[in-house]
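Engineer:
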Amino acid sequence: MEHFKQRRIKMIEEKIIDEVLQSNKHSFSEGKFSQLQVELRPLKRPDGSEVGDIFDAWIWLDNPSQYNSYTTETLRQLCLALDWASCRADINCIILTAVGEKAFCTGGNTVEYENEYSWKPQEYRTYMGVFNRMVSLILENEKPVINRVNGMRIAGGQEMGLACDFTISSDLARYGQAGPKHGSAPDGGSTDFLDLYVGFARSIESCVLCEQWSAHKAMHLGLVNEIVPVLQDGSGNWVANPMVTFDWVNSSTGQIVFGDFLVGEEAKVAKELKDKCTIDFSRLDAAVAGLSWKLANTFPGCTRKTLSSVRKKKLHWWDSNRESNREWLALNMAVEAAAGFRAFNVGGGKREDGSRIPRQVDFIEVRQAIARGEAWTPELVESFMPHQKE
-8 MEHFKQRRIK
2 MIEEKIIDEV
12 LQSNKHSFSE
22 GKFSQLQVEL
32 RPLKRPDGSE
42 VGDIFDAWIW
52 LDNPSQYNSY
62 TTETLRQLCL
72 ALDWASCRAD
82 INCIILTAVG
92 EKAFCTGGNT
102 VEYENEYSWK
112 PQEYRTYMGV
122 FNRMVSLILE
132 NEKPVINRVN
142 GMRIAGGQEM
152 GLACDFTISS
162 DLARYGQAGP
172 KHGSAPDGGS
182 TDFLDLYVGF
192 ARSIESCVLC
202 EQWSAHKAMH
212 LGLVNEIVPV
222 LQDGSGNWVA
232 NPMVTFDWVN
242 SSTGQIVFGD
252 FLVGEEAKVA
262 KELKDKCTID
272 FSRLDAAVAG
282 LSWKLANTFP
292 GCTRKTLSSV
302 RKKKLHWWDS
312 NRESNREWLA
322 LNMAVEAAAG
332 FRAFNVGGGK
342 REDGSRIPRQ
352 VDFIEVRQAI
362 ARGEAWTPEL
372 VESFMPHQKE
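Take the sequence shown: its letters are residues -8 to 381, numbered as in our numbering.
(1) Return the CA-CA distance between residue 9 and residue 75, expressed in angstroms with no decimal places.
(2) For residue 65, which three-state DSSP category applies?
(3) What residue ranges within the segment 238 to 309 form continuous alpha helix (DSSP H) runs of no fewer than 4 residues, ordered along the chain?
(4) From 282, 347, 183, pick the residue whose C-alpha is nearest to that of residue 36; which is it?
(5) Going by the CB atoms, is the gap between residue 308 and residue 183 shorter than 8 Å?
(6) Quick check on DSSP: helix, strand or coil for residue 166?
(7) Mind checking whether residue 52 and residue 89 have CB atoms under 8 Å apart?
(8) In terms of DSSP beta bridges, what is residue 219 paired with?
(9) So, helix, strand or coil for residue 150, using DSSP?
(10) Under the assumption that residue 332 contacts residue 63 (Cβ atoms under 8 Å), give the Cβ distance between them as a whole number of angstroms.
(11) If you draw a straight line from the C-alpha of residue 175 to the C-alpha of residue 328, how long is it?
(12) Report yes if the C-beta distance between residue 99 and residue 147 is below 8 Å; otherwise report no.
(13) For residue 54 versus residue 85, is the C-beta distance shorter than 8 Å?
(14) Considering residue 208, what are the terminal residues of the alpha helix (DSSP H) in which it resides?
(15) Which runs of the beta strand (DSSP E) at least 3 residues long sit entirely within the segment 94 to 122? Give them in chain order.
(16) Can you name, in chain order, every residue of its own chain whose Cβ lies under 6 Å from the Cβ of residue 277, other than the five neighbours on each side?
(17) Looking only at its chain, what residues have a beta carbon closer than 6 Å to the beta carbon of residue 233, apart from the 5 residues adjacent to it on each side?
(18) Just how far apart, CA to CA, sit residue 170 and residue 41?
(19) Residues bridged to residue 33 by DSSP?
(20) Are residue 50 and residue 134 closer than 8 Å when you measure CB to CB?
(21) Per DSSP, what kind of secondary structure is residue 41 in: helix, strand or coil?
(22) Please report how far the alpha carbon of residue 289 lies from the alpha carbon of residue 349, in whole angstroms.
(23) Output needed for residue 250: all residues of its chain with C-beta closer than 6 Å, excluding positions within five of it in sequence on either side, in chain order.
(24) To the nearest angstrom, how far is it from the Cα of residue 357 to the Cα of residue 316?
(25) Does the Cβ of residue 159 have 16 or more other Cβ atoms within 10 Å, making it buried, or fewer, making it exposed?
(26) Would you kindly check if the distance between the Cβ of residue 46 and the Cβ of residue 27 is under 8 Å?
(27) Between residue 268 and the rest of its own chain, which residues show a CB-CB distance below 7 Å, the 5 nearest in sequence each way excluded?
(28) Can you give the Cα-Cα distance for residue 330 and residue 274, rounded to whole angstroms?
(29) Checking the sheet assignment: what are the DSSP bridge partners for residue 143?
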């Protein structure tokens, strides 16, 4: 079996790099991935000393200018990296994260979606096969997979994170879905996994309404294992996310409000404070290192079996639904997705009067067209586009 694993590692590496990874190098050489950074970091004790011969595999999504949205090529490379890390006996765990301060991942690249997949269901079906393979490689990985969330975890990024075993988060991160607001359904994992974390009521709210949760609320609901502050003021003091309330209950309604986003004047004041601070991920990295060390101090075989057993709940629904979901998502590229992704791409700019062009269609207008029995055509889709509206 070990010889098989070694052959598998070599085969994977030969797909990615021109020569086999040298034993004295701790990362893939520069330029071998175009969409990712992949790094082997030595496992360290709590005092900072290296253990020796044991590593953590850090996989970084690397598209910060587009909020680490993934292209088809990103997913292909991510599949190779996850498979490579799974096969190595000297890897303790995998840390899946991203470059930059704003986003872990905001899902699929909508520019690619519109240009390459709109009106092309069969092409999108093939794409979803790559995405599904990536999710399966997380769920079936030989290693514990930690999601280090450095910013927004939205849409397909949320689904990627839900497939992971642990989530350690910046307290500035946001969590949520985008599907029904932008022409899709969260059938890349969220409709299978999210209710296992937060229950049916909260799950269906998130999946359908696409309202975002703060990191504090996500932790309170059971979605996140740990959150850490990443803001520092001018004196070097750590500042918890000022954009959310830390009150527990609204005294006038009796509802739990911990982690809700501030609004109005309170939000304005909070943003001014936030803008005066700098972002430092050192405590986030320390929390990830602490969890990695705890995982290293277990029997690897017993840990692997435990992960496999707990993951069965996710895998049951994932394996039951992924192919039928893939087929629907493909067909949807010829109807609502064609409108939703185009609207997202043409929106966001400013009109002559200075008002911002929305990134969503007018949903009432869409529903009225459906009620009239109009057929989905490129002309109908174009009539919905927000940049066409006054």
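All C-beta atoms, glycine included, are put in the ideal place defined by N, C-alpha and C. Note that the structure is predicted; figures quoted are calculated from it, not measured.
Structural biologist: Let's see:
(1) Legend: pLDDT at residue 9 = 39, less than 50; position of this residue unreliable, value from coordinates given subsequently. Going from the Cα of residue 9 to the Cα of residue 75 covers about 15 Å.
(2) helix
(3) 255 to 267, 273 to 287
(4) 282
(5) Yes, these two residues count as a Cβ contact at 8 Å.
(6) In the displayed model, residue 166 falls within a strand according to three-state DSSP.
(7) At the C-beta level, residue 52 and residue 89 come within 8 Å of one another.
(8) 161
(9) helix
(10) With 8 Å as the limit, residue 332 and residue 63 do not qualify as a contact, their Cβ atoms being about 14 Å apart.
(11) 6 Å
(12) yes
(13) no
(14) 206 to 212
(15) 94 to 96
(16) none
(17) 261, 264, 265
(18) When rounded, the distance between both Cα atoms is 44 Å.
(19) According to DSSP, which records beta bridges pairwise, residue 33 is partnered with 46.
(20) no
(21) strand
(22) 51 Å
(23) 205, 207, 208, 211, 235
(24) 23 Å
(25) Residue 159 should be labelled buried.
(26) The answer is no: Cβ separation not under 8 Å.
(27) 222, 223, 224, 230
(28) 42 Å
(29) In the DSSP output, where bridge partners are listed per residue, residue 143 has 94.
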